[in-house]
Each structure stands twice: as structure tokens, then as C-alpha cells.
Ligand code: CA
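What follows is the structure in C-alpha cells.
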């Protein structure tokens, strides 16, 4: 990364831009709130327009139709001539077509294994199956939306009447959702929401203590949520043994109490970092995402991989336009083919709905300086670091591998979070440029800001500031190590992220690509 020299003048930064790759003919403005026309950078480049923070300026004249390069990759072509120092707005960039899936190099540049990183541990809850949780949660599964209100009523009582008696249990979480009935349960694609619910119940943070509340007449029979012989604890509201609502609630409470007795025996113990399953995603991205937070997270992901952990990255529409940079990193040709398979599946899924990957970018992304999905994707995949890609999961599949894994999910924050939980994630790192109060009840979420201005303004929502990389106060390596340590602290319960301190939790949101009836 090259950039203008850092100067501090009266506590304010001199005009500063960041160019990622020497080939780039645009760079992003670093200064808070942008820079006015006439601002001159250390290298003599002068702005001829106002350029907002995070937005691009041309480093040289760009001819009509010429490629615009950021990250050393073409993010589009110029619509009309663009002068050096001009604001390269979204409207001046024509978007290129996505990489052709049939023409990708598979496993052609497999990264070498990095030296193992020994001696890093966290305090986790080890389960009978060998998995390790970062929290000790009673999770109550549901087989249909009909029971949600009843279960939430019961959960309130469990929290106030039972939980205080079980001090080792962190929380009670109702795994509620909109699925279960009124859906084409036998449609081939129904396997996605169904396996998501099955695997959610098995998340390591829930300690293997499964219980299901169902109605009794729904299409998704409660037994289907525990198909592999996990001790069944199922309560059906329509069971004739229950006389009235009060009896049903009492039944749920009794079943919960039995699970709490077991969960309360769990104790944190020292576990190698290899036992972590970390999910990564971004939301509310801006042009700094790919410069600060995502590269720092990528560095931390490499450290986790070296320590033997499992690290998942996701969000198909945010890797689709950068897939040509990922398939060569596949550990084997089969893994490369699996990446292509997931991209093709999503292309088809979007096409059926009359959309394409350009539907991904939000007004906030654009305000933050991201012109299109190509630019967003190039920044997004920085999260994956530099390790080889060891495996690929279809949406909602459970991970059984160590190393860097691509878990295919939509980019929707809530759906991605839900699917990564189903895949077995026990902690999530979430990068954001625009800011979001995102949180998950089932796993701690570390929110990383791409800009210091956001980290300071949202000092009680953002857990980690990666913005110092843009101002030159810290390197990607230093910030990546610091983030790695934060992950170990949060996984150990020593540090509580803000979403847990305030109890800010988003709903579980299932991905259901199958028809509803
Ligand atoms: Ca997202």
C-alpha cells in the first residue's frame, strides 16, 4: 500500500489519500468529512472537486471508456473523460461483467501452509463431542412460528424464575423463526431451512442440550429437528395432557429446568485456539472496509488458521465479482469446483428472481464511497486473508474442517449470521463502515469499525477500531494481532462485546429459497 505522507497540522491531518495498488488510477480520500476543491496532497495532486471521505479521486487523467483500477483490479470503465483530481462518482463508472465461471483457474496458486502458531489459548466450554463453546446457553428450538409467542412468554419466566438458580448458565435463547408451516416442506430446496434448524440446535454454545417446542399439526415435525438420535426433548402444545395455557408454560419450564441442571455443570477450561470456530462478515460497508477493517481481519484470520482454528467467510454476492482471485487459492480442484458450484447456484437463484449481483449495494455503501458491487467485493474478500481455502459449505451445512472455509450464504447480515451459527460458529467478527448495532444472542459478536470517526462516535457500540490503519497510526499487522487477541479475550468471556452488554440481538432469519404455500 502506498499513500501520501502523513502530516499532522494543528491536530488535523493534512490532505491524505490511500492508493491500494501501484496500478490503481484512483485513490480514496482519508480525511474525516472529505476535502474541498483546491486541496493539495503531499505528492502535488490537487483536487478539482469536493471529494467526500472514502470517495475516489482520479490520480491521473482517465480517458472516456478507459478502465478504472482499484486494488489493481478493474472496478469499471470511465463514462466520459475524467480529469486528475476529479471526484470519481458512481455515475461516472460503468460496471464490468462478472468473471465467467467456466473460465476460472482452480487451485492453481495454492498458498503455502504458514508455520503453526502455538501456545494461544482461550477459556471455553468443552462439549462431549469435542466441540468447544464460547458461551453456555440454553437454546430452545421451535418447529413452527405458531409457538413463538408462547415460548417467549415462557422464556421471560425462565429468565426471572429459573436462571438465577443456575449461575453458570449465561442466557436462555428461543430459536424462533418464520418457518415450519405454510411452506413446501418436500420441495428440494426446503433442505436449506430444515438443515439450518437442525444444525442450529447443535451449535457448540448450546452444550448439546437440545429441546424443541412445537405445536403438533405443523408440516415440520419436531422430530425432524433432532434426526440423529440426540436425546429428544420435545413438547407439543396440542398434546392432550395440557389443560390450558398455564399448563403448557409449566411444561416448557419443567423441560427447561432439566436442561439448565445439566448446563449448569459446564465450566470454562483452557482450550487451544484451534478449538475456535470464528465467522466473519461485514455490513454497512464503505470504501475503507477493504483498506482497514477487512485486511486487519484477514490478518487475524491467517493467525487463526495458523493456530489450527476454523474460520468462515461468506456472503456470495460479495465474493462473486472477486471469485477469480479466490478459486486459484482453493486447496484442491474439488474445493475450487465447489466454489464455482456455489457461485452458479446463486447466479441462478438471483436470475429466477429477476435480479443480479448489482442488487447487493445499498444507498449507505454508495454514500460511503463504494461505486458498485465489484469495488465492494474486492474490499470484502480482504477478510479471507491469504490462506488456502480448505473447504466450502452450502448454506446451513455444519463445518467439520479446520482452516479457512467458504460458507456460502446471502450477504444479508441476519441471514448470514443465522447460517454461520448453523455451521457451528461460536464467535463472529463483524466489520462495518457505516455503523450497525448488529448482535446475535447465540454467539458473541465483535464489531470492528473501518474508520476512527465511527469508532469514536459509537464508542458504546463499536468494539474495535481499525481506522488507525488509514491515518497511518497503526499497521495492518499490528491491528490484526490486536484483533486476534481480542477474539481470544471475547471467546473466554473476559471481554464482553457491546451487543452483549446492551442485549442488542437481531432475530434469527432463515434462508428459505423454496416456495411457500
Ligand atoms: Ca453482511
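In the numbering used here, the protein residues as written are 3 to 519.
Built from N, CA and C at the ideal position, the CB exists for glycine as well.
The continuous stretches of beta strand (DSSP E) do not include residue 146, and DSSP gives it neither H nor E. Shown here for residue 122: same chain residues with a beta carbon closer than 6 Å to its own, the five before and five after excluded, namely 275, 309 in chain order.
Closest option to residue 138, judged by alpha-carbon separation, among 171, 236, 110, 118: 171. Within 6 Å of the C-beta of residue 292 there is not a single heavy atom belonging to ligand 1.
Shown here for residue 66: same chain residues with a beta carbon closer than 8 Å to its own, the five before and five after excluded, namely 80, 81, 82, 83 in chain order. The beta carbon of residue 235 lies closer than 6 Å to those of 213, 257 in the same chain, with the five residues before and after it left out. Burial check for residue 350: the Cβ neighbour count within 10 Å stays below 16, so the residue is exposed. Remark: the shortest separation between the CB of residue 451 and any heavy atom of ligand 1 does not fall under 6 Å. Between the alpha carbons of residue 267 and residue 446 lies a gap of roughly 21 Å. By the neighbour-count definition (other C-beta atoms within 10 Å, threshold 16), residue 46 is an exposed residue. Within the chosen limit of 6 Å, ligand 1 does not reach the beta carbon of residue 302 with any heavy atom. Under DSSP, residue 89 shares a beta bridge with 59.
Separation of residue 147 and residue 182 (C-alpha to C-alpha, rounded to the nearest whole angstrom) is 7 Å.
Taking each of 224, 335, 506 in turn and checking the Cα distance to residue 145, the smallest one comes out for 224. Scanning the region 95 to 138 for uninterrupted beta strand (DSSP E) segments of 3 residues or longer gives 123 to 128, listed from N- to C-terminal end.
For residue 354, the enclosing alpha helix (DSSP H) stretches over residues 335 to 354.
If you check the CB distance, residue 24 and residue 43 do not come in under 7 Å.
Cβ neighbours of residue 86 within its own chain (closer than 7 Å, five residues either side excluded): 47, 60, 61, 62, 63. Here residue 150 carries a helix assignment [DSSP, helix/strand/coil].
In the DSSP secondary-structure assignment, residue 75 is bridged to 72. By the criterion of a C-beta distance shorter than 6 Å, residue 141 is surrounded in its chain by 175, 177, 208, once the five residues flanking it on both sides are discounted. Between residue 184 and residue 519, the beta carbon gap of about 6 Å places them in contact (Cβ cut-off 8 Å). Here the region 481 to 498 makes no contact with the region 398 to 405; the two share fewer than three CB pairs at distances below 8 Å.
C-alpha of residue 355 to C-alpha of residue 516: approximately 12 Å in a straight line. A distance below 8 Å between beta-carbons, with the five flanking residues on each side excluded, links residue 198 to the following residues of its chain, in chain order: 397, 398, 420, 421, 424, 512, 513. According to the DSSP assignment, residue 283 belongs to the beta strand (DSSP E) that extends over 279 to 284.
Taking the Cβ atoms as the reference, residue 73 lies roughly 11 Å from residue 30, outside the contact range of under 8 Å. Beta-bridge analysis with DSSP links residue 271 to 126. At least one heavy atom of ligand 1 lies closer than 6 Å to the C-beta of residue 285.
In this structure, residue 302 sits near residue 482, with a CB-CB distance shorter than 7 Å.
Under DSSP, residue 393 forms a beta bridge with 407. For residue 160, DSSP assigns no beta-bridge partner whatsoever. The Cβ atoms of residue 283 and residue 316 lie closer than 7 Å to each other. Counting of Cβ neighbours within 10 angstroms places residue 247 among the exposed residues, the total staying below 16.
Spatial neighbours of residue 111 in its own chain (CB-CB distance under 7 Å, excluding positions within 5 residues in sequence) are listed in chain order as 330, 331. In this structure, residue 418 has its CB closer than 6 Å to one or more heavy atoms of ligand 1.
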